[in-house]
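Peer 1:
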Amino acid sequence: RFKVVWRLVSGLLSAWDTMVSTTGLIMIWLYIFGCVALEFITTDPELLADHATASIVKENFGSLPKATLTLLQFVTMDAIANVYYPLVMAKPLLIIYFLPLLMFLSIGLMNLVTAVLVEHALE
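Here you go:
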């Protein structure tokens, strides 16, 4: 029993450098996308004119920490439709912002991390 658990734990410990570098990479991406959100989403007059999207913008993108925390939801795919769907419906060009965020951070990077962890666990 404990042999299987030990393999998993040793695999995680041997992949520690990968986990730290992935966390750093995620933080850099979140910071960059957060800064872009502050520049483009919070200053958009069309989004601020509509009451529904204005409340989403103020609540989720009002400051850099709020924007980064909101974008962290995209990494874990935690209730993101409530954030991006009304914004994209109001301004369809925002799909250019949200799609790379979903593709690279949520899907691509997390699948790479899983593959590296499995590879280290099998060694």
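Using the working numbering, the letters of the sequence shown correspond one by one to residues 1133 to 1255.
Where is the CB? At the ideal position from N, CA and C, for every residue including glycine.
1. CB residue 1188 to CB residue 1168, shorter than 8 Å?
2. Note the first and the last residue of the continuous alpha helix (DSSP H) segment covering residue 1149.
3. Provide the residue span of the alpha helix (DSSP H) that contains residue 1204, from first to last.
4. In terms of residues, what are the limits of the alpha helix (DSSP H) holding residue 1185?
5. Taking the Cβ atom as the reference point for each residue, do residue 1248 and residue 1150 lie within a distance shorter than 8 Å?
6. Enumerate in chain order the residues of its own chain whose CB-to-CB distance from residue 1237 is below 7 Å, with the five nearest sequence positions on each side excluded.
7. What is the DSSP secondary structure of residue 1212, reduced to helix, strand or coil?
8. Give a yes or no on whether the C-beta atoms belonging to residue 1196 and residue 1170 are separated by under 8 Å.
9. Looking at the secondary structure, which residues open and close the alpha helix (DSSP H) in which residue 1227 lies?
10. Under three-state DSSP, which class holds residue 1223?
11. If distances are taken between C-alpha atoms only, which option among 1213, 1217, 1250 and 1201 comes closest to residue 1165?
Peer 2: According to the structure shown:
1. Taking the first residue of the sequence shown as position 1, residue 1188 is located at position 56. Taking the first residue of the sequence shown as position 1, residue 1168 is located at position 36. For the 8 Å CB-CB criterion, residue 1188 and residue 1168 do not form a contact.
2. Sequence index remark: in the sequence shown, residue 1149 carries index 17 (1-based). Where residue 1149 is concerned, the enclosing alpha helix (DSSP H) stretches over 1148 to 1172.
3. In the sequence shown, residue 1204 corresponds to position 72, counting from 1. Taken as a continuous stretch (DSSP letters only), the alpha helix (DSSP H) holding residue 1204 covers 1196 to 1208.
4. By 1-based counting over the sequence shown, the position of residue 1185 is 53. Residues 1183 to 1193.
5. Along the sequence shown, one-based indexing puts residue 1248 at 116. Along the sequence shown, one-based indexing puts residue 1150 at 18. Yes. Within cutoff.
6. Indexing the sequence shown from 1 puts residue 1237 at position 105. Here the set comprises 1158, 1161, 1206 and 1207.
7. Here residue 1212 refers to the residue found at position 80 of the sequence shown. In this structure, DSSP gives residue 1212 a state outside helix and strand, which the three-state scheme calls coil.
8. Numbered from its first residue, the sequence shown carries residue 1196 at position 64. Numbered from its first residue, the sequence shown carries residue 1170 at position 38. Yes, the pair counts as a contact, with Cβ atoms nearer than the cut-off.
9. Here residue 1227 refers to the residue found at position 95 of the sequence shown. Taken as a continuous stretch (DSSP letters only), the alpha helix (DSSP H) holding residue 1227 covers 1227 to 1232.
10. Here residue 1223 refers to the residue found at position 91 when the sequence shown is read from its first residue. The answer is coil: DSSP assigns residue 1223 none of H, G, I, E or B.
11. Position 33 of the sequence shown, counting from 1, holds the residue named residue 1165. The option with the nearest alpha carbon to residue 1165 is 1201.
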